[in-house]
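Trainee: In the order they appear, the protein sequences are chains H and B. Numbered by the working numbering, the letters in the first sequence go through residues 42 to 282 in order. Numbered by the working numbering, the letters in the second sequence go through residues 42 to 282 in order. Ideal Cβ positions, reconstructed from N, Cα and C, are used throughout, including at glycine. If you're wondering where the values come from, they're calculated on a predicted model, not measured in any experiment. Structure incoming, see below.
Number of protein chains: 2
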Amino acid sequence: MKVSRYKKDDPVSYLLGATVVMEYLINKPGSVKGVILHPKFNAEETILKIKDICGRNHIPLSTEEKPFNILSQKENCFVIGIIEKSGGRIEEGNHVVLVNPSNAGNLGTIIRSQIGFDVKDLAIILPAVDVFDPKTIRASMGALSRIRVETFESFDDYRARFPDNNYYPFMLDGSVRLQDTEIKAPFSLIMGNEATGLPPEFSGIGQPIRIEHTGGIDSLNLPIATGIGLYHATKSTFSGK
Amino acid sequence: MKVSRYKKDDPVSYLLGATVVMEYLINKPGSVKGVILHPKFNAEETILKIKDICGRNHIPLSTEEKPFNILSQKENCFVIGIIEKSGGRIEEGNHVVLVNPSNAGNLGTIIRSQIGFDVKDLAIILPAVDVFDPKTIRASMGALSRIRVETFESFDDYRARFPDNNYYPFMLDGSVRLQDTEIKAPFSLIMGNEATGLPPEFSGIGQPIRIEHTGGIDSLNLPIATGIGLYHATKSTFSGK
């Protein structure tokens with residue numbers, strides 16, 4: 042199968058590694074356009090599962106080495122999947138809203154946490170890193186296949202679509218502490234860029250929250266702040282099952 | 042100044058980037074054996090600060106390009122620091138205990154969160170990734186300079202030193218949920234390896250805790266689980282100032 046180094050404008054993206062490929066084959070087989078096994082891949086049980094699902098869904102399957110040299114350099118990767126990218130649309134309910142996220146690994150890690158805490162809608166305010174970057178998909182451990190993602194040109198566009206959500210911008214100088222705040226559904230947990238945080242105008246939107254920390258660090262890492270926000274927002278209602 | 046590609050047995054390690062170097066110059070100048078500026082580095086204010094601190098502490102300072110080619114490949118790095126590695130000793134109080142952590146970036150991110158939530162002692166149970174790996178130091182954003190770290194050959198060795206701490210192993214099948222548990226100081230938040238978690242015998246130690254999540258993911262990412270544990274453990278006592 043023909044693959045080429047990923048570019049943001051490509052109509053397809055790549056799943057690197059057996060875990061990620063399996064997630065997509067199980068949750069979103071319709072988006073998988075092909076699966077490639079490395080000749081040295083020898084996990085018999087996984088190979089049987091992949092063959093079965095590909096067979097039932099008419100997904101092309103090949104065994105060849107060259108695509109791995111093109112796509113996965115130093116990674117310990119023995120299965121590649123090719124997926125068709127498609128624009129998504131989020132639904133009413135609880136949301137994470139990322140304003141200008143810039144790091145693919147962080148974005149994937151946040152998506153994994155969202156699925157863990159059952160918040161299945163993600164709004165991304167542009168400009169932002171590409172949610173279909175293979176690094177994002179890999180960091181999500183394939184959880185991208187279980188989430189709805191929609192990009193918006195501006196926060197105002199997002200707000201116009203979901204005027205009734207309760208907005209909680211996370212800011213270093215938020216007026217209340219997270220532990221003193223009851224997050225009311227439907228909520229929008231709004232997180233800023235890794236380096237710059239949210240622009241100051243967000244202090245006039247909804248209820249700005251701070252996760253208090255010492256002056257020993259400039260800020261918490263973005264996926265950790267988001268994970269703590271998700272834990273706090275869902276801990277009284279979410280059963281985990 | 043002479044530098045060579047980092048190896049675990051080297052007596053020195055490297056600080057990559059201005060932020061990390063500044064953290065060490067401010068918090069631990071005695072450990073810094075040299076600072077190297079890239080010829081193209083032009084952040085005048087930072088350069089003045091570095092020159093000042095190096096001058097006062099008799100730390101050699103040079104401007105040269107070659108060390109960057111050896112140490113920092115593709116990273117956007119214009120300052121390198123050389124530090125002397127030294128074994129540490131943790132103190133009585135609240136601890137994070139990492140059992141067999143395997144990823145340098147994760148370890149650094151956890152250290153950054155610990156400083157954020159003012160838990161300044163980290164026990165690492167061997168085998169484990171090297172805490173002085175330049176990737177660890179960089180992911181910590183230099184917070185490694187503010188923490189005490191001690192490695193132990195086994196969890197039993199750690200336990201013998203701190204028999205009176207309250208142990209909270211974080212396990213997927215922990216018998217109580219985090220939100221239903223009051224964490225009592227002095228506490229030990231005990232986290233397992235990224236891929237395998239804690240061995241089953243930890244279910245008989247202290248009060249095993251689970252961070253409940255959906256079946257949509259296998260587990261939360263280790264730094265996120267640790268960050269959520271730190272937030273919950275410190276939220277009623279920690280003022281953040």
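Given a cut-off of 8 Å, decide if Lys74(B) and Glu125(B) are closer than it, judged by their beta-carbon atoms.
Mentor: Locating residue 125(B) in the second sequence gives position 84, counting from the first residue. Locating residue 74(B) in the second sequence gives position 33, counting from the first residue. Yes, they are a contact pair.
Trainee: Please identify the residue among Gly146(B), Gly157(B), Lys161(B) whose C-alpha is closest to the C-alpha of Pro175(B).
Mentor: The sequence position of residue 175(B) within the second sequence is 134, counting from 1. The shortest C-alpha separation from Pro175(B) is found at Gly146(B).
Trainee: Given Ala59(H), which residues of its chain have a CB within under 6 Å of its CB, disregarding the five upstream and five downstream residues?
Mentor: Along the first sequence, read from residue 1 onward, the residue named residue 59(H) stands at position 18. Correct list, in chain order: Thr87, Val120.
Trainee: State yes or no: is the beta carbon of Ile67(B) nearer than 8 Å to at least one beta carbon in chain H?
Mentor: For this step, residue 67(B) is matched to residue 26 along the second sequence. Not one chain H Cβ lies under 8 Å of Ile67(B).
Trainee: At least one CB of chain A closer than 8 Å to the CB of Thr177(B): is that the case?
Mentor: Of the chains in the structure shown, none is chain A; the protein chains are H and B.
Trainee: What residues match up with Ala164(B) in a beta bridge as DSSP calls it?
Mentor: Counted from its first residue, the second sequence places residue 164(B) at position 123. In DSSP, Ala164(B) forms a bridge with Val138(B), Glu191(B).
Trainee: Going along chain B in order, which residues have a C-beta closer than 7 Å to the C-beta of Arg153(H)?
Mentor: Locating residue 153(H) in the first sequence gives position 112, where the first residue counts as 1. Going along chain B in sequence order, the residues near Arg153(H) (Cβ under 7 Å) are Ile258, Asn262.
Trainee: Mind listing the chain H neighbours of Thr150(B)? Cutoff is C-beta to C-beta under 8 Å, in chain order.
Mentor: Position 109 of the second sequence holds residue 150(B). In chain order: Asn262, Ile265.
Trainee: Measure the beta-carbon distance from Pro80(H) to Glu64(H) and round it to whole angstroms, keeping in mind my assumption that it falls under 8 Å.
Mentor: Taking the first sequence and counting its residues from 1, the one referred to as residue 80(H) is at position 39. Taking the first sequence and counting its residues from 1, the one referred to as residue 64(H) is at position 23. 23 Å between Cβ atoms; not a contact.
Trainee: What is the DSSP secondary structure of Pro204(H), counted as helix, strand or coil?
Mentor: What you label residue 204(H) is simply residue 163 of the first sequence in a count that begins at 1. Note: Pro204(H) maps to coil in three-state DSSP.
Trainee: Under the DSSP definition of a beta bridge, which residues are partnered with Tyr209(B)?
Mentor: The residue labelled residue 209(B) in the question sits at position 168 within the second sequence. Beta-bridge pairing links Tyr209(B) to Leu230(B).
Trainee: Suppose the cutoff is 8 Å on Cβ atoms and the five residues either side in sequence are ignored; what does the same chain contact list for Asp214(H) look like?
Mentor: Position 173 of the first sequence, counting from 1, holds the residue named residue 214(H). So the qualifying residues of the chain are Ser244, Pro249, Arg251.
Trainee: Assign Arg251(H) to one of three DSSP states: helix, strand, or coil.
Mentor: Numbered from its first residue, the first sequence carries residue 251(H) at position 210. Three-state result, Arg251(H): strand.
Trainee: Is DSSP giving Arg46(H) helix, strand or coil here?
Mentor: For the purposes of this step, residue 46(H) is taken as the residue at position 5 of the first sequence. Arg46(H): coil per DSSP, three-state reduction.
Trainee: Could you spell out where the beta strand (DSSP E) holding Gly75(B) opens and where it closes?
Mentor: Along the second sequence, read from residue 1 onward, the residue named residue 75(B) stands at position 34. Looking at the DSSP string, the run of the beta strand (DSSP E) that includes Gly75(B) is 73–78.
Trainee: What does Ile156(B) touch in chain H if you count any residue whose Cβ is under 9 Å from its own?
Mentor: Locating residue 156(B) in the second sequence gives position 115, where the first residue counts as 1. Neighbours of Ile156(B) on chain H, chain order: His254, Thr255, Gly257, Ile258.
Trainee: Can you look up Arg130(H) in the DSSP assignment and give me helix, strand or coil?
Mentor: As a working note, residue 130(H) is residue 89 in the first sequence. Three-state result, Arg130(H): coil.
Trainee: Give me the residue from Leu230(B), Leu185(B), Phe109(B), Leu167(B) with the minimum Cα distance to Gly247(B).
Mentor: Along the second sequence, one-based indexing puts residue 247(B) at 206. Nearest of Leu230(B), Leu185(B), Phe109(B), Leu167(B) to Gly247(B), Cα basis: Leu230(B).
Trainee: Of all the CB atoms in chain H, is at least one closer than 8 Å to the CB of Asp162(B)?
Mentor: Translated into the one-based positions of the second sequence, residue 162(B) becomes position 121. Chain H contact via Cβ: absent.
Trainee: Glu223(H) to Gly270(H), Cα distance in whole Å?
Mentor: Working through the first sequence from its first residue, we reach residue 223(H) at position 182. Working through the first sequence from its first residue, we reach residue 270(H) at position 229. Taking the straight line from one Cα to the other gives about 11 Å.
Trainee: In chain order, what residues of the same chain lie with their CB nearer than 8 Å to the CB of Ser143(H), ignoring the 5 residues before and after it?
Mentor: Counted from its first residue, the first sequence places residue 143(H) at position 102. Ala169, Val170, Asn234, Glu235, Ala236, listed in sequence order.
Trainee: For the alpha helix (DSSP H) that contains Thr157(H), what are its first and last residues?
Mentor: Locating residue 157(H) in the first sequence gives position 116, counting from the first residue. Here residue 157(H) turns out to be Gly, not Thr, going by the sequence shown. 145–157 is the extent of the alpha helix (DSSP H) around Gly157(H).
Trainee: Taking the C-alpha atoms as reference points, what is the distance between Ile178(H) and Ser186(H)?
Mentor: If you number the first sequence from 1, residue 178(H) lands on position 137. If you number the first sequence from 1, residue 186(H) lands on position 145. Their backbone Cα atoms lie some 9 Å apart in a straight line.
Trainee: Nearest to Asp159(B) by alpha carbon, out of Gly134(B), Val140(B), Asn110(B), Ile166(B)?
Mentor: For the purposes of this step, residue 159(B) is identified with residue 118 of the second sequence, where counting begins at 1. Asp159(B) has its Cα closest to that of Gly134(B), out of Gly134(B), Val140(B), Asn110(B), Ile166(B).
Trainee: Determine which residues of the stretch 180–198 of chain H have a Cβ less than 8 Å from any Cβ of chain B, and write them out in chain order.
Mentor: From the stretch 180–198 of chain H, only Met182, Ala184, Arg187 have a Cβ closer than 8 Å to chain B.
Trainee: Just checking: is the beta-carbon of Ile269(H) within a distance shorter than 8 Å of some beta-carbon in chain B?
Mentor: Locating residue 269(H) in the first sequence gives position 228, where the first residue counts as 1. Taking Cβ atoms only, chain B reaches closer than 8 Å to Ile269(H), which makes this a yes.
Trainee: If you compare alpha carbons, which of Ile131(H), Arg97(H), Arg153(H) is closest to Phe203(H)?
Mentor: The residue given as residue 203(H) occupies position 162 in the first sequence. Of the listed residues, the one whose Cα sits closest to Phe203(H) is Ile131(H).
Trainee: Is there a Cβ of chain B sitting closer than 8 Å to that of Lys48(H), yes or no?
Mentor: Stepping through the first sequence from its first residue, residue 48(H) is reached at position 7. Taking Cβ atoms only, chain B never reaches closer than 8 Å to Lys48(H), which makes this a no.
Trainee: Less than 8 Å between the beta carbons of Ile123(B) and Tyr55(B), yes or no?
Mentor: As a position in the second sequence, residue 123(B) is number 82, starting the count at 1. As a position in the second sequence, residue 55(B) is number 14, starting the count at 1. Their beta carbons are under 8 Å apart, which means Ile123(B) touches Tyr55(B) by this criterion.
Trainee: Expressed to the nearest angstrom, what Euclidean distance is found between the alpha-carbon atoms of Ile188(B) and Arg153(B)?
Mentor: As a working mapping, residue 188(B) is identified with position 147 in the second sequence. As a working mapping, residue 153(B) is identified with position 112 in the second sequence. Approximately 9 Å between the Cα atoms of the pair.
Trainee: Among the residues of its own chain, which have a CB less than 6 Å from the CB of Phe109(B), if the five just before and after it don't count?
Mentor: Against the second sequence, residue 109(B) aligns to sequence position 68. The answer, listed in chain order, is His79.
Trainee: Under the rule that 16 or more other beta-carbon atoms within 10 Å means buried, what is Thr278(H), buried or exposed?
Mentor: By 1-based counting over the first sequence, the position of residue 278(H) is 237. The residue in question, Thr278(H), is exposed, as its Cβ has fewer than 16 Cβ neighbours within 10 Å.
Trainee: Per DSSP, Gly122(B) is paired with what?
Mentor: Within the second sequence, residue 122(B) is the residue found at index 81, counting from 1. According to DSSP, which records beta bridges pairwise, Gly122(B) is partnered with Leu56(B), Val76(B).
Trainee: Which two residues bound the contiguous beta strand (DSSP E) that contains Thr104(B)?
Mentor: Reading the second sequence from its first residue, position 63 is the one you call residue 104(B). That run of the beta strand (DSSP E) goes 102–104.
Trainee: Does DSSP put Val217(H) in a helix, in a strand, or in coil?
Mentor: Locating residue 217(H) in the first sequence gives position 176, where the first residue counts as 1. Three-state DSSP puts Val217(H) in a strand.
Trainee: Verify whether the separation of the beta carbon atoms of Glu191(H) and Ala164(H) is less than 8 Å.
Mentor: Position 150 of the first sequence, counting from 1, holds the residue named residue 191(H). Position 123 of the first sequence, counting from 1, holds the residue named residue 164(H). A contact, by the Cβ cut-off of 8 Å.
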